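A.B. asks: First residue of the sequence shown: 444, per the working numbering; consecutive thereafter. For each residue, glycine too, the CB sits at the ideal point set by N, CA and C. Just so you know, these numbers come straight off a predicted model, no measurement behind them.
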Amino acid sequence: MLIVMHHSATPADVQGVCDVITALGFEPRPMPGEQRTAIGVVGNDGPIDRARFHGLPGVLDAIPVSAPYKQVSLEWQAERTVITLGNGVQIGGEALVVMGGPCSVESEEQIMAAAAYVARAGGTLLRGGAFKPRTSPYAFQGLGEAGLKLMAEARRRYGLAIITEALDPQGAELVAEYADVIQIGARNMQNYTLLKTVGRLGRPVMLKRGMAATIKEWLLAAEYVLDAGNPDVMLCERGIRSFDDATRNVMDVGAIALAKTLTHLPVIADPSHATGRRELVTPVGLSAIAAGADGLIVETHPEPTKALSDGAQALLPDQFAGLMSKVEGIAGTLGRPLARLG
Ligand code: PEP
Ligand code: MN
Numbered sequence: 444m445l446i447v448m449h450h451s452a453t454p455a456d457v458q459g460v461c462d463v464i465t466a467l468g469f470e471p472r473p474m475p476g477e478q479r480t481a482i483g484v485v486g487n488d489g490p491i492d493r494a495r496f497h498g499l500p501g502v503l504d505a506i507p508v509s510a511p512y513k514q515v516s517l518e519w520q521a522e523r524t525v526i527t528l529g530n531g532v533q534i535g536g537e538a539l540v541v542m543g544g545p546c547s548v549e550s551e552e553q554i555m556a557a558a559a560y561v562a563r564a565g566g567t568l569l570r571g572g573a574f575k576p577r578t579s580p581y582a583f584q585g586l587g588e589a590g591l592k593l594m595a596e597a598r599r600r601y602g603l604a605i606i607t608e609a610l611d612p613q614g615a616e617l618v619a620e621y622a623d624v625i626q627i628g629a630r631n632m633q634n635y636t637l638l639k640t641v642g643r644l645g646r647p648v649m650l651k652r653g654m655a656a657t658i659k660e661w662l663l664a665a666e667y668v669l670d671a672g673n674p675d676v677m678l679c680e681r682g683i684r685s686f687d688d689a690t691r692n693v694m695d696v697g698a699i700a701l702a703k704t705l706t707h708l709p710v711i712a713d714p715s716h717a718t719g720r721r722e723l724v725t726p727v728g729l730s731a732i733a734a735g736a737d738g739l740i741v742e743t744h745p746e747p748t749k750a751l752s753d754g755a756q757a758l759l760p761d762q763f764a765g766l767m768s769k770v771e772g773i774a775g776t777l778g779r780p781l782a783r784l785g
């Protein structure tokens, strides 16, 4: 439920509505706006009787929010969320954002080489995992904090913002000290302790869709982060599991288009994990942009044959540059510019 106040409502009127909400056993979330204040109601598991609010001083309307997720829904907030990063790049605005880099940070030489050509080709964020969620415990697990330090140095040298994954709540606090965006991986989409932690850390979050998560579960996971106090969340569709192993996953292009109708949060697409094959990354990435994604996160490696993880899906440097120019072409057709480093 969203209680919309008259533009002439006084602070006492707003407080009066908040008191009624609290007395009903729910939590008020006042949202002062330019024109008028709205007060969101959270904590209810079913519908609330609108009549409780009609007639209270200053109340214009009481609008039910039908979705189980509240704060992430377009019903709750009609303006789209735009996230501004430390380097000035905005995610969720008109401009399309491309994040590029290796699956894992492996060495100084590797990450600096990647950062250099990602920036040169027009990327605005550098990706690279320092803590890796690997299927096998014997596979490369990441460089840990040393990897975060290398990411931060790459940001200093090339001006790119950095995005890197946090695997657990303690790790998230460390990642937040370095990263511009904390990535929550597909395997952790429903790790509610981790979601609550990144909700408190005050760093933008990219929440990947679990490989078998419904769109409702994905949006409810995002709701955890917003409800813990962090509004700067972007979603990431990275492919879902199917019966066919011809591609690593299946890019759910429909989910991208649908999410844009359900939530004000930016939606990013990851064609690398969706396909698992470098020759498919560009066409599938373009389809995601055409479906309404606000940007792409793409794996690329200076020497994919030597990659310690996900080499088969990493674009070669010149393929990454080729992707950038094709994204710019589609962006032009859609009337959207490409985000650039300032
Ligand atoms: C990754 O980005 O390297 C990664 C592990 O992705 P996902 O969580 O989507 O599998
Ligand atoms: Mn990867």
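1) Specify the secondary structure class of residue 493 as computed by DSSP and reduced to three states.
2) Check whether the Cβ atoms of residue 487 and residue 603 lie closer than 9 Å to each other.
3) Using only alpha-carbon positions, find the residue among 447, 450, 601 and 512 that is nearest to residue 660.
4) Could you check if residue 553 is buried or exposed, using at least 16 other CB atoms within 10 Å of its CB as the buried criterion?
5) Quick one: what's got a C-beta closer than 8 Å to residue 725's C-beta in the same chain, skipping five residues either side?
6) Do you know whose CA, among 702, 652, 697 and 638, lies nearest residue 674's CA?
7) For residue 504, list the residues DSSP reports as bridge partners.
8) Buried or exposed, going by whether 16 or more other CB atoms sit within 10 Å of the CB of residue 563?
9) Can you tell me where the beta strand (DSSP E) with residue 741 in it begins and where it stops?
10) Taking residue 493 and residue 505 to be in contact with their CB atoms under 8 Å, please state how far apart those CB atoms are, rounded to whole angstroms.
11) Where in the region 611-651 do unbroken runs of the beta strand (DSSP E), each at least 3 residues long, occur, reported from the N-terminal end onward?
12) Tell me whether residue 462 is buried or exposed, calling it buried when 16 or more other Cβ atoms sit within 10 Å of its Cβ.
13) Residue 457 and residue 501 - do their beta-carbons sit closer together than 9 Å?
14) According to DSSP, simplified to helix, strand and coil, what is residue 679?
15) At a threshold of 8 Å, does residue 679 count as lining the ligand MN (C-beta to nearest heavy atom)?
C.D. replies: Once the coordinates are examined:
1) Look at residue 493 here: in three-state DSSP terms it is helix.
2) Cβ distance not < 9 Å, so residue 487 and residue 603 don't count as in contact.
3) Ranking 447, 450, 601 and 512 by Cα distance to residue 660 puts 512 first.
4) Buried, because 16 or more other Cβ atoms sit within 10 Å of the Cβ of residue 553.
5) Closer than 8 Å at Cβ, skipping near neighbours: 714, 758, 762, 765, 766 and 769.
6) The shortest Cα separation from residue 674 among 702, 652, 697 and 638 belongs to 638.
7) For residue 504, DSSP records a beta bridge to 447.
8) With a 10 Å radius around the Cβ and a threshold of 16 neighbouring Cβ atoms, residue 563 comes out exposed.
9) For residue 741, the uninterrupted beta strand (DSSP E) run begins and ends at 738-742, by DSSP.
10) Indeed they touch by this definition, with Cβ atoms about 4 Å apart.
11) Runs of beta strand (DSSP E) with 3 or more residues, each lying fully within the region 611-651, are found at 624-627 and 648-651, listed in chain order.
12) The residue in question, residue 462, is exposed, as its Cβ has fewer than 16 Cβ neighbours within 10 Å.
13) The answer is yes: Cβ separation under 9 Å.
14) Strand at residue 679.
15) No heavy atom of the ligand MN is found nearer than 8 Å to the CB of residue 679.
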